[in-house]
């Protein structure tokens, strides 16, 4: 059995619940690879073999060693049944169509890691917010974007079925980090001739909710506003 | 940490994926209490302290001892942090409003068990389907309903947040069984002067998907059709 662990929900982020509700220490008990964000929606996080990297809105990448830092939203797993892959002429369109079809991912959660030389990468980085927090939709409309050409790096992230689209980002949710760990963020677009890596399908989602958090317990959700906000905030490009 | 284990999704049931994908034996490894249905949408299941009861469409209640029987959809848990409760003048309206508010259940999963004398109970029982399976919406429109007055019995079931409403039934999903184990089904309405029991809030949903099942992997979901179908199939009364 392979398990994807997720802390927090996209719905709570949409509502502006940006306070961290799990420590890095606790998160790493559930996985050594993954993605997420810090308290205040502070940046884009990648966890690679237990090393935690945070891209902040200035474009700087921090190597996080504070195990007490907290996160409102994160997905992690322990690699278990990885399948090696090589993809050629790869971009979001290819991942969204050919790859999803070939591996029948529509209704399952999966992890993807790809490494190599990228002709082009476009990323965005969520800027840290202060209280009172705005909604995710407000933040999404003012996020710095960065591009890089001819850069070596790694993509990691997850695929989620559409029916889970209020809990986490449906489809691919990928973060990029360069091999020199100087350039990282939430992946908006990319183009590469050949990438190698691994992927795996999970048969289990362990969805952890911050039930002790007052704001989480008391926040209300309007489903149509939520769906509309997610559609506007989480569009991936291509 | 308290965990609710769920096998299968409401979306897959809506699509007519009624083949069992977990055995009773395997399900009981994840919980001793719960609800579900058997292959072919054959009846309404209650699991009480590892005893499995199935109400079939004739109204008969079977005590299931075949550990190889399979289920397409089920929710179970091991009681862990139960809180004793007594409710007076209780019906669905009270559960949906007062109880949800008092315990701040909106955004969390919870379990409820209530026992006592019921002035009135109305249940429905899904009739067994044969292949090619219809959709859940088709089945929902032709389900036998039964009522009973002045009956002693037990309600068990779960509360799920609205954002999980494509994965499982949002709000309360409760099954009833009489103390003499002769009358049981999916609870549509009830009325009681006083019921006692227990409830608990889960901080973790373990969502298991039948990733090895071809029909599950290949089924496609149209989100607006799904939402509309769920609204029409899963209405609870009151």
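Chains as they are written, first to last, in UniProt numbering: chain C, 1 to 238; chain X, 1 to 238. Glycine is no exception: its CB is placed at the ideal position from the N, C-alpha and C atoms.
**Message:** Closer than 9 Å between beta carbons: that is the criterion. Which residues of the region 97-108 of chain C meet it against chain X?
**Reply:** 104, 105, 106, 107 and 108
**Alpha-carbon to alpha-carbon, residue 180 of chain X and residue 94 of chain X** = 26 Å
**Prompt:** Can you list the residues of chain C that residue 220 of chain X reaches, using a CB-CB cut of under 9 Å?
**Reply:** 106 and 107
**Message:** Tell me which residues share the same chain as residue 68 of chain X and place their Cβ nearer than 6 Å to its Cβ, disregarding the 5 neighbours each side in the sequence.
**Reply:** 23
**Prompt:** Can you tell me the Cα-Cα spacing of residue 101 of chain C and residue 162 of chain C, whole angstroms?
**Reply:** 14 Å
**Item:** When C:66, C:71, C:45 and C:34 are compared against residue 264 of chain C, the one with the closest alpha-carbon
**Value:** With chain C running from 1 to 238 in the structure shown, residue 264 of chain C is simply not present.
**Cβ of residue 71 of chain C within 9 Å of any chain X Cβ** = no
**Message:** Between the alpha carbons of residue 88 of chain C and residue 155 of chain C, how many angstroms are there, rounded?
**Reply:** 15 Å
**Item:** Contact set between residue 203 of chain X and chain A, taken where Cβ atoms lie within less than 7 Å
**Value:** Looking at the structure shown, chain A is missing, and the protein chains on hand are C and X.
**Prompt:** Considering only residues of the same chain and omitting the five flanking positions on each side of residue 169 of chain X, which have a CB-CB separation below 7 Å?
**Reply:** 10, 160 and 234
**Prompt:** Can you list, in chain order, the residues of its chain whose CB lies under 6 Å from that of residue 127 of chain C, leaving out five sequence neighbours each side?
**Reply:** 57
**Item:** Secondary structure of residue 91 of chain C, DSSP reduced to three states
**Value:** strand
**Item:** Own chain partners of residue 28 of chain C with C-beta closer than 7 Å, once the 5 adjacent residues on each side are dropped
**Value:** 50
**Item:** Proximal chain X residues relative to residue 9 of chain C, where beta-carbon distance stays under 7 Å
**Value:** 163
**Prompt:** Counting Cβ pairs, one atom from each stretch, are 3 or more of them under 8 Å apart for the region 134-153 of chain X and the region 205-219 of chain X?
**Reply:** no
**Three-state secondary structure (DSSP) of residue 181 of chain C** = coil
**Prompt:** Can you list the alpha helix (DSSP H) stretches of 4 or more residues lying completely in the region 130-205 of chain X, in chain order?
**Reply:** 136-140
**Asked** Which chain C residues are close to residue 217 of chain X, counting only those with a beta carbon under 8 Å from its beta carbon?
**Response** 104, 106, 107 and 108
**Within-9 Å CB hit, residue 167 of chain X to chain C** = yes
**Message:** For a quick check, are the C-beta atoms of residue 197 of chain C and residue 115 of chain C less than 9 Å apart?
**Reply:** yes
**Cβ neighbour criterion (16 or more within 10 Å) applied to residue 176 of chain X** = buried
**Message:** Check this for me: beta carbons of residue 207 of chain X and residue 204 of chain C, under 9 Å apart or not?
**Reply:** yes
**Request:** Would you give the residue range spanned by the alpha helix (DSSP H) that residue 229 of chain C belongs to?
**Result:** 223-233
**Message:** Taking the straight line between their C-alpha atoms, what separation do you get for residue 172 of chain C and residue 191 of chain X?
**Reply:** 47 Å
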